[in-house]
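Asks:
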Amino acid sequence: MSKLATSHTAPPASSAVRLKLRTLLGYACNQAFMFSLFYMGWNSALCVGGVTFERVDLLVTLLLCAGSLTVMRMLTRRVRDVLLSRNFIWCYAVLLAIGSSVSLPAEYGIVSFSLEGLLVGMPFACMLAAWGRALAARPHGETARGVLLATAVAAVFAFLLLLVCSVQPWALAVANLLPFASAWALAGAAPLSGDAAASQGSDAAAKDAQSQTGAGFSFGQLLATKQQRAETARISRKVIAGAALFGLSGGLMETYASDPGMIATPTFAATLLLLALFCAGSLQVVGTPGRRGQSQSEVSSLLVGVYRIALLVMMAGYLFMPVLEPFGVPGDSIVLAGYLGLTAVLVSLFILTAKLTGMDGALSFSRGFAALYFGEAFGLALGNALEIVSPSGNMPFAVASCAGLATLYAYVFLFTESDFIALSCIAKQADRFEDACRAIIERYKLSKRESEILPLALRGRTGERIASELFIAKSTVDTHLRRIYGKCGVHSRQELIDLSERQT
């Protein structure tokens, strides 16, 4: 029994490395497909009454994707588990491949755009939610660094694909197959069921993270207070509001440098190079994905530097756009690179808030990306409106100024660096609680299911509540609790709590 339990909590090192690599490459494929879908197509326009609306295909896709993510938030956890199961993930990959490959006749107008958006927007939303759950199952430090590295890999791949497409246009079809690679990674990289997502300590986390030692503290310090939970929820709302406004500024720029019938983002190759350099520099700040020994509070503290750099890049693009344009330097590509880098930071924040609040990672991703994409869709519509009402040739710079103002407002008044610091302080509490749990798991060789029940038991959850959260019978919970007591040499919940104090 002891050997069996040990095998559950400590997978072979080679298996853990393969799991990490599979997750990283899979998310990179998901990002590369998003780059292709949003920025590497054509500027499709819709003419209504002599008025031309640009990037209608992207607008419809964003609205359907954001709407699907909003619906995902409203579903029960059991329904989400079904929609994010492995079989459905493969179905989404098929729909994405078809939707990104098929181009319906333009004479059908909004109907064509709606059908194409439906084939792409809804399954892409479900894939995003699945990635939220998979990434949330990994240690936060590993995830934050992995997201940056995956974004860099995706940027380099998309850049090389653009170079090949300049000679062989058919090569862009390769990007349409990326959802299958993403689905393959999701199917094996991390569990997609709700009970696995709910557990706070995954197998990889138990192996990669070590318990802290030093001055003792009472168990009451391990649990977040009511005020800290309320503060986390408040900061989470500010993150969502900031994401919406950042999305608005990004959407405003979608109509800046492209005209109907042209390539959607003419300077996207420069954006990809800048994005890869940004991610490389950011990894120097937070460390490489193979680096260990950093808690999620330390990583979140370092992410504030990445957040600052991303906003600096965006604001530099906005401010110097009129100056750089005569010299052939695409200021809009600088803005877009900063925006995509900022999105990587937001992904890490969505995961961190999910861990701190105990929220399902799929739910956190759904809420965050719904706000981001609704904001981007509104910005795209607003950019079209500004260009329609003003025939002035200087209107593109006015659009850029509005986008820059939205970015600055979000940074100064919505999600600020002080919120980052406050979130880091709350994360320290979670680190100490997780360290106490891991100390017990590793010392007493708890099984995988026992490791999932332990933190819930230490938080004071009743047997009925644990059973409902893990989707198992209460009798099964009682059996595992008795086994935990037996392995730890205690006889009650209070003695288990006392033991956790001594472990630290």
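The sequence shown stops at residue 504 when you use UniProt numbering, and every number in between is there. We treat Cβ as the ideally placed atom computed from N, Cα and C, and that holds for glycine. All values reported here derive from a predicted model rather than from experimental measurement.
1) Is it the case that the Cβ atoms of glutamate 387 and leucine 248 are separated by a distance below 8 Å?
2) Below 8 Å on the Cβ atoms is my contact criterion, and I expect glycine 361 with glycine 132 to pass it. Report the Cβ-Cβ distance as a whole number of Å.
3) Going residue by residue through the stretch 346-426, where are the continuous alpha helix (DSSP H) segments of at least 4 residues, counting only ones entirely within it?
4) Does the distance from the C-beta atom of alanine 171 to that of serine 36 stay below 8 Å?
5) From this set, Arg55, Thr23, Phe33, Gly41, which residue's C-alpha is nearest leucine 382's C-alpha?
6) For the alpha helix (DSSP H) holding threonine 479, just list the boundary residues, first then last.
7) My guess is that arginine 86 and alanine 187 are in contact by the Cβ rule of under 8 Å, so how many angstroms apart are they, rounded?
8) Tell me which residue opens and which closes the alpha helix (DSSP H) that valine 71 is part of.
9) Alpha carbon to alpha carbon, how far is alanine 175 from glycine 216? Give it in angstroms, no decimals.
10) Report the residue ranges of all beta strand (DSSP E) runs contained in full by the stretch 109-181; include only those spanning at least 3 residues, in chain order.
11) Give me whichever residues DSSP pairs with leucine 46 in a beta bridge.
12) Do you know offhand how far alanine 403's Cα is from aspartate 435's?
13) Quick check on histidine 491: buried or exposed, where buried means 16 or more other Cβ atoms within 10 Å of its Cβ?
14) Taking arginine 77 as the reference, which of Val167, Met314, Ser366 has the closest Cα?
15) Distance check for cysteine 126 and leucine 62, CA to CA, integer angstroms please.
16) For leucine 414, which residues from the same chain have a beta carbon less than 8 Å from its beta carbon, with the 5 sequence-adjacent residues on both sides left out?
17) How about the stretch 144-162 and the stretch 249-267: do they share at least three Cβ pairs that are nearer than 8 Å?
18) In the DSSP assignment, what residue or residues form a beta bridge with isoleucine 263?
19) By alpha-carbon positions, which one of Leu324, Pro179, Ala280, Val477 ends up nearest to isoleucine 309?
20) With a threshold of 8 Å on Cβ separation, who are the neighbours of leucine 115 within its own chain once the five nearest residues in sequence on each side are excluded?
21) Could you check where the alpha helix (DSSP H) with arginine 449 kicks off and where it finishes?
22) In this structure, does DSSP put leucine 271 in helix, strand or coil?
23) If we call anything under 8 Å between Cβ atoms a contact, is leucine 303 one with serine 348?
24) Any idea what DSSP makes of valine 329, helix, strand or coil?
25) When the Cα atoms are used, what is the spatial distance from leucine 177 to alanine 97?
26) Counting C-beta neighbours from all protein chains within 10 Å, is the total for leucine 312 16 or more, i.e. buried, or is it exposed?
27) Thinking C-alpha only, which one of Leu274, Leu456, Tyr339, Leu319 is nearest alanine 398?
28) Would glycine 41 and alanine 264 be called neighbours here (beta carbons separated by less than 8 Å)?
29) Are three or more beta carbon pairs between the stretch 319-339 and the stretch 419-428 nearer than 8 Å?
30) From what residue to what residue does the alpha helix (DSSP H) around tyrosine 92 run?
31) Skipping 5 residues on each side, what residues in its chain have a beta carbon closer than 6 Å to that of valine 156?
32) From aspartate 57 to tyrosine 39, what distance separates their C-alpha atoms?
33) Taking Cβ positions, are alanine 185 and phenylalanine 374 nearer each other than 8 Å?
Replies: Looking at the atomic coordinates:
1) no
2) 4 Å
3) 361-389, 395-409
4) no
5) Arg55
6) 474-488
7) 5 Å
8) 56-74
9) Confidence at glycine 216 is low in this model, with a pLDDT of 38, below 50, so the placement of that residue is unreliable and no value is reported for it.
10) none
11) Phe53
12) 43 Å
13) exposed
14) Ser366
15) 13 Å
16) Lys238, Ala241, Gly242, Leu245
17) no
18) Trp42
19) Ala280
20) Leu104
21) 448-458
22) A small fix is needed here, since residue 271 is threonine in this sequence, not leucine. Helix at threonine 271.
23) yes
24) coil
25) 6 Å
26) exposed
27) Leu319
28) yes
29) no
30) 86-101
31) Ala276
32) 11 Å
33) no
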